[in-house]
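Contents: one structure, followed by commentary.
Protein chains: 2
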Amino acid sequence: MAYAAVMGYGTVGAGVVQVLTMNREIIARRTGEEIDIRYVLDLREFPGSPVEKILTHDFSDILNDPEVSVVVETMGGLKPAYEFTKQLLLAGKSVCTSNKELVAEHGVELMKIARENNVNYLFEASCGGGIPIIRVLNSSLTAERIEEVTGILNGTTNYILTSMTEQGKDFGQALAEAQEKGYAELHPEADVEGWDACRKIAILSSLAYGKHVPYGMIRTEGITSVDKTDIAYAEKIGCRIKLLATSRREKEGIWALVTPMMIGKENPLTAVDGVMNAVMVKGNAVGTTMYYGSGAGSLPTASAVVGDVIDCVKHPGKTIRNDYSGELQELLPADEIARPFFVRYTGTPEEAEKTFGKISDVVALPDHPEEIGFLTGMIAEKTFRELAGGDPRVKRWFRRGKNEEAEE
Amino acid sequence: MAYAAVMGYGTVGAGVVQVLTMNREIIARRTGEEIDIRYVLDLREFPGSPVEKILTHDFSDILNDPEVSVVVETMGGLKPAYEFTKQLLLAGKSVCTSNKELVAEHGVELMKIARENNVNYLFEASCGGGIPIIRVLNSSLTAERIEEVTGILNGTTNYILTSMTEQGKDFGQALAEAQEKGYAELHPEADVEGWDACRKIAILSSLAYGKHVPYGMIRTEGITSVDKTDIAYAEKIGCRIKLLATSRREKEGIWALVTPMMIGKENPLTAVDGVMNAVMVKGNAVGTTMYYGSGAGSLPTASAVVGDVIDCVKHPGKTIRNDYSGELQELLPADEIARPFFVRYTGTPEEAEKTFGKISDVVALPDHPEEIGFLTGMIAEKTFRELAGGDPRVKRWFRRGKNEEAEE
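Chains as they are written, first to last, in my numbering: chain H, 657 to 1064; chain P, 657 to 1064.
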């Protein structure tokens, strides 16, 4: 019998208790022993709930119980999660978390402490909810030099963009609807400004390339300025606008970016709609792979946390190896990357070609006779910004995901 | 330094040598030590090739070298792969393979021998090529009660069906083209009759549900009888015909089936085209997840084999746990499953409803005025077969993948 504790009985924490209970037998078979929850730590009371008898308000109950070997941290935020996690690891207990803020901010230090104490700090649930993307990078694609990681990593924004595309809603309406349905928070900034996706791509990139990518270094643009007209143009050129969190290895180094991007049917992420998440990983041997599933929600996220708990119980006294070193990953400036750009423009195609060189996919919308839309060729973003910035005919622009087939 | 050997220097074996060579440093970093290939076993000579100096024709060179701890088996077939693998495991060497025939036929016995000798028999490359689906089932979705595994597991047939759909080719033309391009073999039976997909779903189902599913028990239908008209009807009702290998947990037990099926856009497998493979896995907590990538090819398959080699080197003297017991999984008769059926029919919709009850999606093709197509409601296959079998107006029929949204 292995003993666990859960810190934070919110959506995910309650899911962890539920998954460990409902799949108790099958988990015991796969783990080799049963896993019992001895404590649930929360400031609140839950009278009448199944955890009433194991509820504690005192962290030291968990810290000082020598039989508790694995602790689930589903409190979220940095305080007191950081301090608690550190103390638990130092006390020789493994910690499994869904807390992406904490992993992105202090993951390197916490993993180091875990190693020094022969325990684990695992965070499968921190990126992509139920999608086992962390294990794919840590344990499956180990023979690969990873070349690119690109994901739809935030369900809220994907839901909003999908409903703008499919139902012609504008951003405000779509956000309000997402809030009503519980897919967006009352204060939705972390999602709609791209900060959540940014932390996740920082974590995934660190694992993929082996050095620490600080999330603060990643240029991050959200979806608040995407409007109905942009969506209509995207459809006209056979694309969708998706909030992509992406990083890529170039000859010169690694760059990373969070941005609404136009992608077409050459990209398997284009079909990922609603609250679903997906991550595309490219390796130099395996080529393109993709992983799809629920990026949030109580049970899917809890499933990932419990998978980590099982791994801890299966590896007592042993730190599961990963490729996340403390060394800092320098990032290339994202604006040195060349790609096509989609431009909304109030001049003629001929004028546009004078500025941008050869253009393609020139389209017009009936209700916007004053402008055209088009795609440029491959231009370094820096150059594109210089050309577009000084030109009052450029109304708006988007990055276009590189066309794989054309490129390779 | 860890020493490995490769048995069989064909497409996959050569890929294994290439991946271990080109990603040598990154693999060493992830593994904790370098991996060196000491022998390549093949009956042929490869003068001038990079493996010339490590080539052997004598299996006992590998068997008797105490420093070789991991052996790659990419010979294919049962003879002599089975005998070689058994001897190696008994000699305390781990074996990693892409040989689905051998895993499906003798996997249970070979895993047992591996356990008894504290080594590993790993087969990530046996299903889905570079898609890390075996590890997903063994190590990631460990908190789940798996409810369904459904895959497009054969690239040849998916290529043929895609080219029939997109280019209006008939089966013979599409097969000939696939053979020209090297996507189909000269003797394509194992692919087009569904036998390859059958072995793969047997392996995946065994891991998913924890008991041995013998491939011979799985009803298997190939794509040789699918014609252009069927494809045209599928498009008319918003579907694609895909060769699905599927198994599912019902209240009463597990069933499995390989069959061309009509699936629509509610199913993430519908968009998987060409030689790509994908596997959908549903769990009772995580819901629907999907894994996509190259199902074949030298480097993608080799990448999966090398990932297994790395795991063996990282776990010396330890058998990595999985949930594949030797116990036999009884299968439910596939024809007790209820689902909608698509029917090509030479009567009227009214006549059809008299036989099958309420029908929907009644369509007609201009070049087939003598018949209609329609979908039945949910009918147990056994009942459907009784109704359709005695009715000369039923020309052909297909299973329609259950509509998730309607169902859940």
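Positions of the beta carbon are idealized from the N, C-alpha and C atoms, including for glycine. Computed from a prediction, not measured in an experiment: that's the story for all the values here.
Burial state of residue i (16 or more Cβ within 10 Å)
i: Asp967 of chain H; result: buried
i: Phe702 of chain P; result: exposed
i: Met820 of chain H; result: buried
i: Ala840 of chain H; result: buried
i: Gly669 of chain H; result: buried
i: Lys709 of chain P; result: exposed
i: Met1067 of chain H; result: Because residue 1067 of chain H is not part of the residues shown, which for chain H are 657 to 1064, the question remains open.
i: Ser862 of chain H; result: buried
i: Thr902 of chain P; result: buried
i: Ser950 of chain H; result: buried
i: Asn776 of chain H; result: buried
i: Ala799 of chain H; result: buried
Coarse secondary structure for residue i, derived from DSSP in three states
i: Phe1012 of chain P; result: helix
i: Phe827 of chain H; result: helix
i: Ser862 of chain H; result: helix
i: Arg685 of chain H; result: helix
i: Leu778 of chain H; result: strand
i: Gly671 of chain H; result: helix
i: Thr637 of chain P; result: Outside the displayed range of chain P (657 to 1064) lies residue 637 of chain P, so it cannot be described from this structure.
i: Ile787 of chain H; result: coil
i: Ala853 of chain H; result: helix
i: Val882 of chain P; result: coil
i: His843 of chain H; result: coil
i: Asp717 of chain P; result: helix
i: Thr975 of chain H; result: coil
i: Thr1032 of chain P; result: strand
i: Asn933 of chain P; result: strand
i: Gly631 of chain P; result: Past the edges of chain P, shown from 657 to 1064, lies residue 631 of chain P, and the structure says nothing about it.
i: Glu729 of chain H; result: strand
i: Gly963 of chain P; result: helix
i: Glu836 of chain P; result: helix
i: Lys1058 of chain P; result: coil
i: Tyr738 of chain H; result: helix
i: Ala991 of chain H; result: First, the amino acid is wrong: residue 991 of chain H is Asp here, not Ala. Helix at Asp991 of chain H.
i: Ala1044 of chain H; result: helix
i: Tyr889 of chain P; result: helix
i: Met663 of chain P; result: strand
i: Gly704 of chain H; result: coil
i: Gly763 of chain P; result: helix
i: Val928 of chain P; result: coil
Residues sharing a beta bridge with residue i, DSSP
i: Gly939 of chain H; result: H:Ile802, H:Gly943
i: Val914 of chain H; result: H:Thr876, H:Ala901
i: His868 of chain H; result: H:Leu984
i: Leu711 of chain P; result: P:Val696
i: Val1050 of chain H; result: H:Tyr1001
i: Tyr948 of chain P; result: H:Met946, P:Ala934
i: Thr753 of chain H; result: H:Glu729
i: Ala658 of chain H; result: H:Ile691
i: Gly909 of chain H; result: H:Glu906
i: Arg1068 of chain H; result: Past the boundaries of the shown model lies residue 1068 of chain H; chain H is included only from 657 to 1064, so the question cannot be answered.
The ligand MG heavy atom lying under 8 Å from the CB of residue i
i: Arg977 of chain H; result: Summarising the ligand content, the structure contains no ligands, and the ligand MG is consequently not present.
Practice task
Report yes or no: do the stretch 961 to 975 of chain H and the stretch 1012 to 1027 of chain H share at least 3 C-beta pairs separated by less than 8 Å?
Solution key: no
Exercise for the section: May I ask you to list, following chain order, the residues of the stretch 974 to 1002 of chain H that have a beta carbon less than 8 Å from some beta carbon of chain P? Expected result: Arg977, Asp979
Problem - Three or more C-beta pairs below 8 Å linking the stretch 777 to 797 of chain P and the stretch 794 to 802 of chain H - result: yes
Practice task
Assess, as a yes-or-no matter, whether the stretch 909 to 926 of chain P is touched by the stretch 1041 to 1057 of chain P under the definition of 3 or more beta carbon pairs within less than 8 Å.
Solution key: yes
Problem - Where the stretch 765 to 789 of chain H meets chain P: residues whose CB sits under 7 Å from a CB there - result: Gly786, Ile787, Pro788
Practice task
State whether the stretch 864 to 872 of chain P contacts the stretch 980 to 990 of chain P, with contact taken as three or more CB pairs (one from each stretch) at a distance under 8 Å.
Solution key: yes
Exercise for the section: Could you tell me whether the stretch 770 to 788 of chain H touches the stretch 745 to 757 of chain H, where touching means 3 or more Cβ pairs closer than 8 Å? Expected result: yes
Exercise for the section: Could you please tell me which residues of the stretch 794 to 806 of chain H, in chain order, have their CB closer than 8 Å to any CB of chain P? Expected result: Ser795, Ser796, Leu797, Thr798, Ala799, Glu800, Arg801
Handout entry: the stretch 844 to 854 of chain H contacting the stretch 882 to 896 of chain H, beta-carbon criterion three pairs below 8 Å
Key = no
Practice task
Pull out every residue of the stretch 685 to 696 of chain H whose Cβ sits closer than 7 Å to any Cβ of chain P, in chain order.
Solution key: Arg685, Arg686, Gly688
Handout entry: Residues of the stretch 942 to 966 of chain P whose Cβ lies closer than 7 Å to any Cβ of chain H, in chain order
Key = Val942, Gly943, Thr944, Thr945, Met946, Tyr947, Tyr948, Gly949, Ser950, Leu955, Pro956, Ala958, Ser959, Val962, Gly963, Ile966
Practice task
Could you name the residues of the stretch 917 to 933 of chain P whose beta carbon sits closer than 8 Å to any beta carbon of chain H, in the order they occur along the chain?
Solution key: Pro924, Ala927
Problem - Residues of the stretch 1008 to 1019 of chain H with Cβ closer than 7 Å to any Cβ of chain P, in chain order - result: none
Practice task
Please confirm if the stretch 737 to 747 of chain H is in contact with the stretch 671 to 680 of chain H, defined as three or more CB-CB distances below 8 Å between the two stretches.
Solution key: no
Problem - Where the stretch 846 to 871 of chain H meets chain P: residues whose CB sits under 8 Å from a CB there - result: Gly866
Exercise for the section: Could you list the residues in the stretch 1038 to 1061 of chain P with a C-beta less than 8 Å from some C-beta on chain H, going in chain order? Expected result: none
Problem - Any 3 or more C-beta pairs closer than 8 Å across the stretch 939 to 946 of chain P and the stretch 815 to 834 of chain P - result: no
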